[in-house]
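So the sequence shown is numbered by the UniProt record's numbering: it starts at 1 and just counts up by one. All C-beta atoms, glycine included, are put in the ideal place defined by N, C-alpha and C. Predicted model, so just to flag it, every value in this text is computed and none were measured.
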Amino acid sequence: MYLVVEKLSKQFGGILAVQNVDFTIEKGKINAIIGPNGAGKSTFFNLISGVYKPTSGRILFKGKDITRLPANKIAELGVARTFQTTHLFENSSVFENVVVGHRLRTKSNLFDAIFRTKREIMEEEQAKEKALEVLQFVGLTRLADRKVANISQEEKKRVAFALALATEPEIVFLDEPTAGINPDETEGLSELIIKMARQGITICLIEHKIKMIMSLADKIMVLNYGEKIAEGTPEEINRNEKVIKAYLGG
Ligand code: ADP
Ligand code: MG
């Protein structure tokens, strides 16, 4: 069992954003979560990555209980997530974003991120090498010195992927990786997701583009009003009555 979620719930005031969800993420596979707006998909990701603490339930990663660990500790274990492109520093270069963003997200506070020891300066060199490597992987080498403000939305998505990859993750959570970009650009990002999976990185993604999910995912979970209403292969999900009624329309 790779990443196991047991009876996970999250309540915000009167809203049960995630209700009693059981889910197993399969190692080395492309796992997907779909469901209508407000179904609790992002909350589910935020619970796993430690951004929110669950109201109840457990999260186990390779047998270790990570339910109450702080987000940076979870990240250190190899669990990464992409942030929205609005989290990027628009006035810095693509390269600097990957180096600095990586540092900010792996240090527990701003003090650690700014004041560095000799050892950390060496780590900085490694971070720079890593940044070049991941920029190559996501296809942004030629834009490394370009200001983020001057690249396209699709390229910003690739920077967000690069940030996650720089932490050398075992598993990456992608929250709507193709939101806000035009349809013919989604193909390239799909290919990048497949490339990540081929590298042995486990993927878990939230996506609205059903066609894309059906061709990409090995396994899908469907959330509706915080509850899991179905789980299975794309074929199984496609013909699931509950899913058709709640989400696919028909
Ligand atoms: P999805 O990603 O599937 O669109 P979300 O997980 O963002 O859904 O939201 C699920 C529900 O939880 C929604 O009703 C949303 O308004 C609520 N919610 C999400 N985050 C918060 C929060 N930080 N505080 C209060 N309510 C929240
Ligand atoms: Mg969401």
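DSSP state of residue i mapped onto helix, strand, coil
i	result
residue 184	helix
residue 132	helix
residue 1	coil
residue 231	strand
residue 49	coil
residue 239	coil
residue 16	strand
residue 261	In the structure displayed, the chain extends from 1 to 250; residue 261 sits before or after that span and is not available.
residue 24	strand
residue 219	strand
residue 168	coil
residue 126	helix
residue 73	helix
residue 117	coil
residue 209	coil
residue 98	helix
residue 138	coil
residue 152	coil
residue 178	coil
Residue closest to residue i, alpha-carbon to alpha-carbon, out of the options
i	options	result
residue 48	167, 33, 60 and 246	60
residue 166	43, 186, 204 and 124	124
residue 204	44, 74 and 1	44
residue 228	1, 8 and 3	8
residue 245	224, 40 and 193	224
residue 6	178, 132 and 66	66
residue 217	26, 32, 4 and 226	32
residue 12	64, 56 and 235	56
residue 73	143, 241 and 51	51
residue 200	78, 136 and 20	78
residue 141	132, 28, 39 and 168	132
residue 37	88, 233, 222 and 92	222
residue 89	122, 119, 10 and 150	150
residue 186	215, 135 and 21	215
residue 94	168, 148, 3 and 237	148
residue 189	64, 158 and 231	158
residue 251	20, 243 and 134	The question about residue 251 has no answer here: the residues shown for the chain are numbered 1 through 250.
residue 28	2, 42 and 35	2
residue 4	54, 30 and 62	62
residue 251	97, 168 and 117	With the chain covering 1 to 250 only, the question about residue 251 has no answer from this structure.
residue 128	100, 240, 118 and 117	100
residue 196	162, 70, 226 and 220	162
residue 242	35, 202, 117 and 138	35
residue 92	30, 23, 236 and 143	143
residue 42	86, 168 and 10	10
residue 177	202, 164 and 206	206
residue 194	126, 53 and 138	138
residue 71	58, 233, 40 and 46	46
residue 251	232, 219, 239 and 20	Since the displayed the chain opens at 1 and closes at 250, residue 251 lies outside it and no answer follows.
For residue i, the residue or residues it bridges with in DSSP
i	result
residue 6	58
residue 224	227
residue 173	81 and 204
residue 147	93
residue 11	16
residue 65	60
Chain D within 8 Å of residue i, Cβ atoms only
i	result
residue 169	The structure shown contains no chain D, having only a single protein chain.
- Message: If contact is defined by three or more beta carbon pairs under 8 Å, each pair taking one atom from either stretch, is the region 203-217 in contact with the region 11-19?
- Response: Contact between the region 11-19 and the region 203-217 is absent, with fewer than three C-beta pairs closer than 8 Å.
- Item | Three or more C-beta pairs below 8 Å linking the region 82-99 and the region 170-188 | yes
- Task: With a cut-off of 6 Å, give the chain-ordered residues whose Cβ is closer than this to any heavy atom of the ligand ADP.
- Result: 12, 15, 17, 35, 37, 38, 39, 40, 41, 42 and 43
- Task: Check whether the region 177-185 touches the region 148-164, taking contact to mean three or more Cβ pairs, one atom from each stretch, closer than 8 Å.
- Result: Flag = yes, the region 177-185 and the region 148-164 touch.
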